[in-house]
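Per this note's numbering: the sequence shown = residues 67 to 757. Beta carbons: idealized from backbone N, C-alpha and C, even for Gly.
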Amino acid sequence: MKIFSSVSARILSMILIVGVIVRIVLACITPGDLGFNFGQWMATFCLGAVNDLCVGVLSLAFMWLFFMSVSRRKYGRRTGSCILAALVAALIYVTCFNTVFDEYGSVVPHIAQGLIGFWAAGFALRFFVPAVRASWTRVWFWILSGLYVLIIYFNAAGEYFFWDEFNVRYNFIAVDYLIYTNEVVGNIMESYAMVPLSIAVVMVTVVTTWLLFRADARNLETLTAGGWKLKASGAYVGSACVSLIIIPFTTGFQQSGNAYYDELQANGVYKFYDAFRKNHLDYDQFYYALTPAEAESYIHNLYGSTGINTRHIAPDSASMAVAPGTMPNIIMVTMESMSASYMQRYGSDRNITPNLDSLAQKSLVFDRLFATGNRTVRGLEALSLSLPPCPGESIVKRPDCGGMRTTGVMLGEMGYRPMYFYGGNSYFDNMGTYFGGNGYEVVDVKDYQPEEITFKNIWGVADENAYDKALATLDGIAAEDNRPFFAQIMTISNHRPFTYPEGRIPIPADSKKRAGGVMYSDWALGRFIDMASEKPWFDNTVFVIVADHCASSAGKTELPLDKYHIPAMIYAPGMIAPREIDAVCSQIDLMPTLFALLGFEYDSSFYGQNVLGADFSPRAYLATYENLGYLENDTLTVLSPVKRIEQFRRVTDGHDWFATEPVDAIDSAHVKKAAAFYQTSANWYAPGTSR
C-alpha cells in the first residue's frame, strides 16, 4: 500500500501546485480590475485547492486500476488460460461480427480491434514468457505516470489559452470544439507556436516524471505481495466517494455574481465535464417558471397570437419604405465577432472599421442593438428564427433542426431564392444541415474551384474570396432566374488565428492580432460593397449588415451589456433613407423590421418585432448557454439554472451607458415577463416537439 500512497500523493501534490500557479497566471492575464476583496482572494485559492484535490482524487482511478492489475495469480495456468481465452474470444468477436463499435462507424471499430488485439498479444507474451513480466510492469508504470504529468501540464497550457480567448474556464465552447477536431486543431496550430511549446512540455514532462517516480519504479515488485490491495481499494473508493459529494457542494460558491471570482476558484476539468453534462437544459426543470397557461397567455395577449406564437402580419404603411409589391433582392452580411466597440461611431479611436463607420452614415442604423449570445450559432438562430435564445445548445446545433419556419422558408414562399454562403465547411456548427433543411441553398468551400481560392486558413477562405464567390453566384441567378434572391453571407476572417492576404491593410498579415482580423474584415466588406455597386442588380438590392456576436462576452457580471452590443444597419441607397434608431432592440428584431420596411405580408411565429412600429417596446435578450438575460426599461433580469434569479439596474448617471449594478429589490413583474418569453420559446421549440 505504501507505493500506491506514495505515487498518489505525488500526483495530487503536483495537481495542487500547478492549480495554484494557473490561478495566479489567469488572474494576471485577465483584462481590467478583478474587483476581489481579501476574503475573495483567500476563497479563490482555498476553494480552488479543494476543487483541484477532489478532481485529482477521481483522476487517480486509472492509477488505482493499474496497481490492482499487478499480480502473480493471474499468470497461473488455469487463471491465465481463462483470461487469454476471453481476450482472444473478444478479439474474434469485434473482428468478425457486427458490434456496438460498428454502430459508431468511422475508425471506432478499428480502434477497438487494435486495443483488444494489443491487450491479448501483450497478455499472451507475459503468460508464456515470465521473464518479461517485471519489465512490462515497469514500462507501463512509466508510461502511465508520464501521461499523468503530461496531461497536468497540457491542461494547464490549455486553460491558459482558453482563458486568454474567452476569459472563462472550459465551457460549452470547449465541449463543442471537440466535435470539430480538424478545424480546432488547425486553428490552434495556426494561432500559436504549438510545435516548440509541445516539445518543451514533453521535455519538462520527462524530467518531472523521472524526478517524481524513479524511486517508486524501483519498488514495483512489492506490488505483487498480497494483503495490501483490499486496504488500498477501501481507502481510494472512500476518498473518491467523498470527492463526489464535495465537488457539487463547492460549486455552490461559484454563484457570487462576479464571473471572474466564480471562474478562478473552479476546476477546469470539472467545468468541462459539467458543460458536457448540461448540453441540453430543460427550462421548466432548471429555471424559474410560470405555469404553462400563465406563460402562454402572456405571449398570446402580447402578440395577438395562437399556438406557438403564430399570427398574421399585415403591411405597416407607416414603416414601409418601398412601393407596395416591391420585392428587392436581399443580401445579409453576417460578420464574425464584430463588436460595436471596434467602430469609431461607438467610441473606438483605432480607426480599424472605416467602411463600417462610413456605411453607418448612409444606412438605417440600429445604435442600441444587442446580440442574443456569444457564439455564431446563436446569431444565426436569432437572425433566421427571430426567437429568444434557448437554454443549452442552439437550435442550429440540434439534430432535429429541420422543418423550421425560418426567414429562408418564409421568403421562399414569397417568391425569393434563399441562399446561405459560408467560406468554410458548413459541416462545422451543423450549419449545412440546418440551412439546407430550412429552405436555403448552401454554398460552402466544397463548391469553390481551385482558382477561386487565393487565401485560406483552417476555418476557410478569406472574406474577399467568399464575397467574390457570392457575387459570381448572384450574377448567375440575376441573369437566369426571374426570382429575387435572398443571400446570407457568413464571414470568417475575424477569427483566430486572424490571418489574411498580405498587403490589404496596414496591419501585417503575420501579426495574428484581433485588430488585424477586424480591419481586414472591414476592408473586405468595403471592397464587396464597391464591387456590388457596379452590378446591374445593385439598385434593387437591400443590404443588411450585422455581427453574429461580439469578440468576447466575459466581464465582471455574467451578462455584461457592452459585450453583447453589435453593429447592425440596413443599407439601400435610393430605397431606404438613412436614419438612426436609438431604441434598445435585439438581433431577433432585425428581420421583422426589414420585412416591415419592404411592406411584406406574412404569417409569423417571430418573437422579434418591427422596431419602427408604433407598438414596439424596447427590450433585448442576452444569453450564455446557461444564463438568460432580459433587458427592458434599464432593468436586466438574469435567469439561471437551479431557478436562480438576479436583477441589475443600468447605471444612468455615469458616462458608461453599459454599466450595471445589482438592484436592492427584485422586480417580480419584470421576472415574470422574462420567464414568459424564455419559457414559451424554449418549450415550443424543445427537441422532439412538432412545430
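DSSP three-state assignment for residue i, whether helix, strand or coil
i	result
HIS378	strand
LYS738	helix
LEU435	strand
ASN531	helix
GLU169	Since pLDDT at GLU169 reaches only 48, below the 50 mark, its modelled position is unreliable, and no value is offered.
LEU453	coil
ILE573	coil
ARG483	strand
GLN515	coil
TYR488	strand
ALA222	helix
GLU507	strand
GLU698	strand
THR746	helix
THR565	coil
THR539	helix
LEU430	strand
GLY122	helix
GLY445	helix
GLY526	strand
GLY458	strand
LEU678	coil
Buried versus exposed, by CB contacts within 10 Å (16 or more), residue i
i	result
ASP700	exposed
PHE501	buried
ALA380	exposed
HIS736	buried
ALA731	exposed
GLY439	buried
THR271	buried
ARG343	exposed
GLN331	buried
HIS561	buried
LYS629	buried
GLN675	buried
CYS467	buried
Extent of the continuous alpha helix (DSSP H) run through residue i
i	result
LEU191	174–194
ALA689	Counting along the chain, ALA689 falls outside any alpha helix (DSSP H), though it belongs to the beta strand (DSSP E) covering 686–689.
ARG284	260–284
ARG386	The residue you asked about is not Arg; residue 386 is Met in the sequence shown. That residue, MET386, is in no alpha helix (DSSP H); it is neither H nor E in DSSP.
MET657	656–663
THR499	497–502
ILE95	68–95
MET129	127–135
ASN421	420–427
N- and C-terminal bounds of the beta strand (DSSP E) containing residue i
i	result
ARG715	710–716
TYR159	Unbroken run through TYR159 is the alpha helix (DSSP H), 143–162; no beta strand (DSSP E).
TYR668	668–670
ASN103	It is not in any beta strand (DSSP E) - ASN103 carries neither H nor E in the DSSP assignment.
SER706	701–706
THR726	726–728
ALA553	551–556
ALA372	One detail in the question is off: residue 372 reads as Thr in this sequence, not Ala. Here THR372 belongs to no beta strand (DSSP E), and DSSP marks it neither H nor E.
THR400	395–401
Cβ of residue i within 8 angstroms of any chain C Cβ
i	result
ALA384	Absent here is chain C; the protein component of the structure consists of one chain.
heavy atom of the ligand NAP below 7 angstroms from residue i C-beta
i	result
ILE732	By its list of ligands, the structure shown contains no ligand whatsoever, and the ligand NAP lies outside what it can speak to.
Note to self: As an exercise, report each continuous alpha helix (DSSP H) stretch of at least 4 residues that is fully enclosed by the stretch 576–651, in chain order.
What the structure shows: For the stretch 576–651, the full-length alpha helix (DSSP H) segments reaching 4 residues or more read 580–598 along the chain.
Next item on the list: Tell me, please, whether the stretch 628–638 touches the stretch 457–467 by the rule of three or more beta-carbon pairs shorter than 8 angstroms.
Entry: Note that the stretch 628–638 does not touch the stretch 457–467; fewer than 3 beta-carbon pairs, one per stretch, sit closer than 8 angstroms.
Checklist line | Contact the stretch 330–349 vs the stretch 133–149: 3+ CB pairs below 8 angstroms | finding: Counting Cβ pairs under 8 angstroms, fewer than three are found: no touch.
Margin query: My parser needs the alpha helix (DSSP H) runs of 4 or more residues fully inside the stretch 280–364; what are they?
Written below: As summarised for the stretch 280–364, the continuous alpha helix (DSSP H) elements at least 4 residues long and confined to that stretch are 295–316, 325–331, 334–343, 349–352, given in chain order.
Checklist line | Given 8 angstroms, three or more beta-carbon pairs between the stretch 213–231 and the stretch 81–91 | finding: They touch, by the three-pair rule.
Margin query: Within 8 angstroms, do at least three Cβ pairs link the stretch 472–492 to the stretch 705–723?
Written below: No: fewer than three Cβ pairs fall under 8 angstroms.
Check: Would you call the stretch 301–312 and the stretch 650–670 touching, i.e. three or more CB-CB distances under 8 angstroms?
Finding: Result no; under three Cβ-Cβ pairs closer than 8 angstroms.
Next item on the list: Decide yes or no for the touch test of the stretch 544–564 against the stretch 487–505: beta carbon pairs closer than 8 angstroms, at least 3 of them.
Entry: With a cut-off of 8 angstroms, the stretch 487–505 and the stretch 544–564 count as touching, because enough Cβ pairs lie within range.
Next item on the list: Examine the Cβ distances between the stretch 575–584 and the stretch 402–421 and report whether three or more of them are shorter than 8 angstroms.
Entry: The stretch 575–584 vs the stretch 402–421: in contact.
Check: Taking one C-beta from the stretch 383–395 and one from the stretch 660–674 each time, how about it: are there three or more such pairs within less than 8 angstroms?
Finding: Two segments are said to touch when three or more pairs of C-beta atoms, one from each, lie closer than 8 angstroms; by this definition the stretch 383–395 touches the stretch 660–674.
Note to self: Contact between the stretch 366–382 and the stretch 668–687 is defined here as three or more beta-carbon pairs at a separation below 8 angstroms; is this criterion met?
What the structure shows: Result yes; three or more Cβ-Cβ pairs closer than 8 angstroms.
Notebook entry, point to check: Counting pairs of Cβ atoms below 8 angstroms between the stretch 265–273 and the stretch 173–192, do you hit three or more?
Noted result: No contact exists between the stretch 265–273 and the stretch 173–192.
Note to self: Would you call the stretch 739–750 in contact with the stretch 358–366, where contact means no fewer than 3 C-beta pairs closer than 8 angstroms?
What the structure shows: Contact holds between the stretch 739–750 and the stretch 358–366, because three or more Cβ pairs, one in each stretch, are under 8 angstroms apart.
Note to self: Using a Cβ distance threshold of 8 angstroms, determine whether the stretch 600–616 contacts the stretch 393–410, with at least three qualifying pairs required.
What the structure shows: Three or more pairs of CB atoms, one per stretch, sit closer than 8 angstroms, so the stretch 600–616 contacts the stretch 393–410.
Next item on the list: Mind the definition here: the stretch 201–220 touches the stretch 273–281 only if three or more C-beta pairs lie below 8 angstroms; say whether that holds.
Entry: At 8 angstroms Cβ cutoff, the stretches touch.
Margin query: Check whether the stretch 680–698 and the stretch 501–516 are in contact - that is, three or more C-beta pairs closer than 8 angstroms.
Written below: Between the stretch 680–698 and the stretch 501–516, the count of C-beta pairs closer than 8 angstroms stays below three; the two stretches do not touch.
Note to self: If contact is defined by three or more beta carbon pairs under 8 angstroms, each pair taking one atom from either stretch, is the stretch 532–539 in contact with the stretch 568–579?
What the structure shows: The stretch 568–579, when compared against the stretch 532–539, does not touch it at the 8 angstroms Cβ threshold.
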